[in-house]
Amino acid sequence: MDHIPISPARARTQPPASARWHPRFDLAGAWLSLVCAAHCVALPLLLAFTPAAMMALRSFQHPGHGAMTALLVMSRWEWLFALLASSIALLSTAAGQRRHRRALPLCVALAGAILLLSASLYLPLKESLLWHGAATACGGVMLATAHLRNRRALGTSRSARTQPPPSR
């Protein structure tokens, strides 16, 4: 029996480091995009009530007056958060597209980034309460959808690579 060659067990190869962090990155990006979309829907509604609330809080010397002022200051930095969310989504889906070869997540991320950035930088759209809220919410949901589609595509391409070929 010593003459029968024994084939060594096929060793599982360790995936590259980017394959380990990428699904977590997509999941975090999806959650942040959904939070961004909820924020973009809630912020215009809060800003609509801010003048009345500030007058009421100022008349009573309420400590919440500072919180309302901080809310107004935060809306000035909205473009920076939109740029950050769009950059993360585009980088993540572009890296995923190189691996799984599916263009849909990148296209959805690009459309969401255009919507989100135009809503925060294009002045006529930014001044309209209804269209600004709709564009930012849709852009945030599209970025979250792109992250989730990218995550799913990475998972299916990884499982297709690790499965052995069918035996004959």
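Position one of the sequence shown corresponds to residue 5 (the working numbering), numbered consecutively onward.
Backbone N, C-alpha and C fix where the C-beta goes; we use that ideal spot for every residue, glycine too.
Check                                                                                                                                                        : Outcome
Are Ser161 and His104 close, meaning C-beta to C-beta below 8 Å?                                                                                             : yes
At the level of alpha carbons, what is the spacing between Thr149 and Thr97?                                                                                 : 11 Å
Between the alpha carbons of Asp30 and Pro128, how many angstroms are there, rounded?                                                                        : 32 Å
At what residues does the alpha helix (DSSP H) containing Ser124 begin and finish?                                                                           : 108-125
Buried or exposed: where does Gly100 fall if 16 or more other Cβ atoms within 10 Å of its Cβ makes it buried?                                                : buried
Using C-beta distances below 8 Å, list every residue in its chain close to Ala139, excluding the 5 sequence neighbours before and after it, in chain order.  : Leu119, Leu120, Ser122, Ala123, Leu129
First and last residue of the alpha helix (DSSP H) that includes Trp83?                                                                                      : 82-104
In angstroms with no decimal places, state the Cα-to-Cα distance between Pro27 and Leu158.                                                                   : 8 Å
Using a Cβ-Cβ cut-off of 8 Å (strictly less than) and excluding sequence neighbours within five positions of Ala52, which residues of its own chain qualify? : Leu133
Using 10 angstroms around the beta-carbon of Val39, count the other beta-carbons present and answer buried if the total reaches 16, otherwise exposed.       : exposed
From Asn154, Tyr126, Met146, pick the residue whose C-alpha is nearest to that of Glu82; which is it?                                                        : Tyr126
Helix, strand or coil: how does DSSP classify Ser37 here?                                                                                                    : helix
Taking a contact to mean a Cβ-Cβ separation below 8 Å, would you say Arg80 touches Leu108 in this structure?                                                 : no
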